Each structure stands twice: as C-alpha cells, then as structure tokens.
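**Student:** Structure in structure tokens, see below.
Numbering (the numbering used here), first residue to last: 18 to 374.
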C-alpha cells in the first residue's frame, strides 16, 4: 500500500484515478486487495477466461501478456468490484462451498470404510443381513470400537441390546437377534489380518466422524447467515432446504443487485441460447444451453426444481386441497407433455423468488 501511495504522490495521480485490477486472486492476496480498497482505491476483479481472450497472443503466457489481457478487460468494462470480506453474502459463499467440498469428501471415505468392512465382516453394511442401517449412528458406534465378527459373537445378547437401545432403534431386541445371527453365519477373515483391518477401520471411522462434524458446523453457520437475509423465505417452498437456499443467496447476492429474469436464467445456465442469421426471413435456431454459466447455481436450481416437483406441500396435512404445490403442478404438466420439466420449473422458481424475497 505504501509503495502504491508513494508512486501516486510522485506522479501526482489522485486515488480516484487509480484502478487496481487482478484476475482470480489467490487466498493469500485477498487481504492485501481488501486493504487497498479500504485505503480508497478502486479494486476490481477480472474473469481470467475472458481476459485470456484479449491477450495479444494465445500461444504462450508471460506476466506482460497476462497483464495486457487484464488491462483490455478493464478498458472493455468487464470487471466487477472486489467483494467485501465481512458481509453476509461472501460468508454464505464460503460456507456453502466448504459444505459441498466436505460432502464430496464423505463419499470416498464411505467407499473406503465399505472396502474394509467387505474384508472384515462381509454384509454388515447390508441392512437386510445385519438389521442395522448403513452409516447410521448405531452402525458407526459398532464399527468404531475394535469391530470384528469374533467380538460380535462373544458379546452377550443383553449387552448388545443395552448398547443399541441408546440409539432409539425400533424393535431393539429383534435387531440385536438378527445382528448376532448374521455374525454367527458370516465367514470370518483369517485372524492374522483382523487386528490390522480393525485398526484401519477405526481410523477411517474417526475421519468420517470429523467430516460429518465439519458438515454440521458449516450447515449451522449457513443457517445463522441465511436467517439474516431475505432468502430465508425460500424455506417455505417444499423441496428447498437450507443448503439450496444458501446457494441461491451466495450466488445471486442481495436482491438490489439482481438483473432481469432472463439474465438471471442465462447466468444460471437454464436458458437456451439462440442464434439468428440470414435476415428477418430466417427463424432463430436453438443452439442449446450455455457452458459458461454459474454451475453451482445451475446445480442448485435444477435440484430444487426436481425435488419440488416430487414433494407434496406441508399444508396438505391440514387441508388436502393444498397438497399439490403450484411448482409441483407445473412440473407434472411439463413432464406430461414431454417438455424439460427441470428447466421450466427452475425458471418458475426464479420468478417466484423475485416476488417472495
């Protein structure tokens, strides 16, 4: 900051005439750019893919060539202001993306646990065989304490019932009997590898628990931030929960910054592009959905559309005439005539959102 201020003073340049631009800044540079903005400079960000198209040459890359692309993007007014770091919507963006990353890490961890269980106790993660719901609290508890078939066989029925009763299972005695019958019939692995497999399973379970706790913490943070925004009213729509509402808030930001409905649909990638050439006599051609869109917002709106189209309204429990929500009715009608129900319902959700938020 000091060197930039000295350069401006030396060349008699006002702060209001200085624009500091960058591509997608690294995490270690965010605070530096934010401090420049607080000092009174105009700090903007440029889309790296767009800046690449404005370089002098695309065959090679260097600092001067990259800077040329950034400068041309700023001259073309294709830059956006640096986001505030302490506001609600940037916080929702960080939290929602962290939550999604943790959720992605859970799947390979489940696969790792399943692979160990296949060697240590084949069929334990099959509810039809063991009677225990896979990766439920009871299942995680049993697998985290030196799990093995021999241990299950030696355990007294009363002890197993007492342990399972903590998790409020339905028909605990029946589940316990089925579990012990399974352990007696299952083929145990060689004793030489049981201890190593059991240790690997315990470590994998601890990692799984840590990821679940991280997901829970991020979701709690999303709830705390979401209730401070107008997007909290989206929770009243069946099929749209905390996670998808938080993604809407994080990617669309404050309602005052919204564009038109058509622009919002194009930004989310649910509006088909059209191409018209050859004069007014030639009709426009549909060339498909855009690839350059906000994929996080697109995933959230399509998931919300399909879930909403398959769930009844909560008010239907009180009065049957409210059972079918407007969005579900639209989804069913579009599906019946062979249309793209997800895209059409997603656009209707955006339209409904503009009236609710």
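Just so you know, even glycine gets a beta-carbon here, dropped at the ideal spot from N, CA and C.
Keep in mind that this is a model prediction, so the values were computed, not measured.
#1: Can you grab the Cα-Cα spacing for the pair residue 51 / residue 113, in whole Å?
#2: Report back the beta-carbon spacing between residue 265 and residue 322 to the nearest angstrom; my notes put them in contact at under 8 Å.
#3: According to DSSP, residue 292 sits in a beta bridge with which residue or residues?
#4: For residue 42 and residue 89, what's the separation of their Cα atoms in angstroms?
#5: Who are the near neighbours of residue 161 in its chain, counting only those whose CB is closer than 7 Å to its CB and skipping five residues on each side?
#6: Would you identify the three-state DSSP class for residue 62, choosing helix, strand or coil?
#7: In terms of residue numbering, what span does the beta strand (DSSP E) encompassing residue 97 cover?
#8: Give the DSSP-derived three-state secondary structure of residue 204 in the structure shown.
#9: Residue 307 to residue 156, Cα distance in whole Å?
#10: From this set, 189, 310 and 137, which residue's C-alpha is nearest residue 167's C-alpha?
#11: Nearest-angstrom Cα distance between residue 124 and residue 132?
#12: Provide the residue span of the alpha helix (DSSP H) that contains residue 26, from first to last.
#13: Shortest alpha-carbon distance to residue 288 belongs to which of 271, 298, 274 and 319?
#14: Tell me which residue opens and which closes the beta strand (DSSP E) that residue 253 is part of.
#15: Which ranges would you report for the alpha helix (DSSP H) in the region 302-351 if only whole runs of at least 4 residues count?
#16: May I ask you to verify whether the region 177-188 touches the region 234-251, counting CB pairs closer than 8 Å and requiring at least 3?
#17: Does the region 358-368 touch the region 286-302, meaning 3 or more C-beta pairs lie closer than 8 Å?
#18: Quick one: what does DSSP say residue 287 is sitting in, helix, strand or coil?
#19: Check whether the region 139-158 and the region 191-199 are in contact - that is, three or more C-beta pairs closer than 8 Å.
#20: Less than 8 Å between the C-beta atoms of residue 163 and residue 215, yes or no?
#21: Around the C-beta of residue 282, are 16 or more other C-beta atoms found within 10 angstroms, so that it is buried, or is it exposed?
#22: On the three-state DSSP scale, how would you describe residue 38?
#23: Could you give the residue range of the alpha helix (DSSP H) that holds residue 83?
#24: Given residue 332, which residues of its chain have a CB within under 7 Å of its CB, disregarding the five upstream and five downstream residues?
**Tutor:** Taking the structure as given:
#1: The sequence position of residue 51 within the chain shown is 34, counting from 1. The sequence position of residue 113 within the chain shown is 96, counting from 1. Distance between the alpha carbons of residue 51 and residue 113: 22 Å.
#2: Within the chain shown, residue 265 is the residue found at index 248, counting from 1. Within the chain shown, residue 322 is the residue found at index 305, counting from 1. With 8 Å as the limit, residue 265 and residue 322 do not qualify as a contact, their Cβ atoms being about 12 Å apart.
#3: Along the chain shown, one-based indexing puts residue 292 at 275. In the DSSP output, where bridge partners are listed per residue, residue 292 has 302.
#4: As a position in the chain shown, residue 42 is number 25, starting the count at 1. As a position in the chain shown, residue 89 is number 72, starting the count at 1. Rounded to the nearest angstrom, the two C-alpha atoms are 18 Å apart.
#5: By 1-based counting over the chain shown, the position of residue 161 is 144. Cβ within range, chain order: 219 and 222.
#6: On the chain shown, residue 62 is found 45 positions in, with the first residue counted as 1. Residue 62 falls in the strand class under three-state DSSP.
#7: Numbered from 1 along the chain shown, position 80 holds the residue referred to as residue 97. Element bounds for residue 97: 96-98.
#8: Here residue 204 corresponds to residue number 187 of the chain shown, with the count starting at 1. Three-state DSSP puts residue 204 in coil, outside helix and strand.
#9: Position 290 of the chain shown, counted from the start, is the residue given in the question as residue 307. Position 139 of the chain shown, counted from the start, is the residue given in the question as residue 156. Rounded to whole angstroms, residue 307 to residue 156 spans 44 Å at the Cα level.
#10: Here residue 167 is taken as the residue at index 150 of the chain shown, counted from 1. Checked all of 189, 310 and 137; the closest Cα to residue 167 is 137.
#11: On the chain shown, position 107 is the one that residue 124 refers to. On the chain shown, position 115 is the one that residue 132 refers to. The straight-line gap from Cα to Cα measures roughly 12 Å.
#12: Against the chain shown, residue 26 aligns to sequence position 9. Unbroken alpha helix (DSSP H) run through residue 26: 19-27.
#13: Walking along the chain shown from the start, residue 288 turns up at place 271. Closest option to residue 288, Cα to Cα, is 319.
#14: If you number the chain shown from 1, residue 253 lands on position 236. Unbroken run through residue 253: none, as it is neither H nor E.
#15: For the region 302-351, whole alpha helix (DSSP H) runs of length 4 or above, ordered along the chain, are 312-325.
#16: no
#17: In the pairwise beta carbon analysis, the region 286-302 is classified as touching the region 358-368: at least three pairs are separated by under 8 Å.
#18: Numbered from 1 along the chain shown, position 270 holds the residue referred to as residue 287. DSSP places residue 287 in coil when its eight states are reduced to three.
#19: yes
#20: Residue mapping note: residue 163 aligns to position 146 of the chain shown, counting from 1. Residue mapping note: residue 215 aligns to position 198 of the chain shown, counting from 1. For residue 163 and residue 215, yes; Cβs fall inside 8 Å.
#21: Looking up residue 282 in the chain shown gives position 265. By the 10 Å Cβ count, residue 282 comes out buried.
#22: As a position in the chain shown, residue 38 is number 21, starting the count at 1. Strand, per DSSP.
#23: Numbered from 1 along the chain shown, position 66 holds the residue referred to as residue 83. That run of the alpha helix (DSSP H) goes 80-92.
#24: Reading the chain shown from its first residue, position 315 is the one you call residue 332. Around residue 332: 339.
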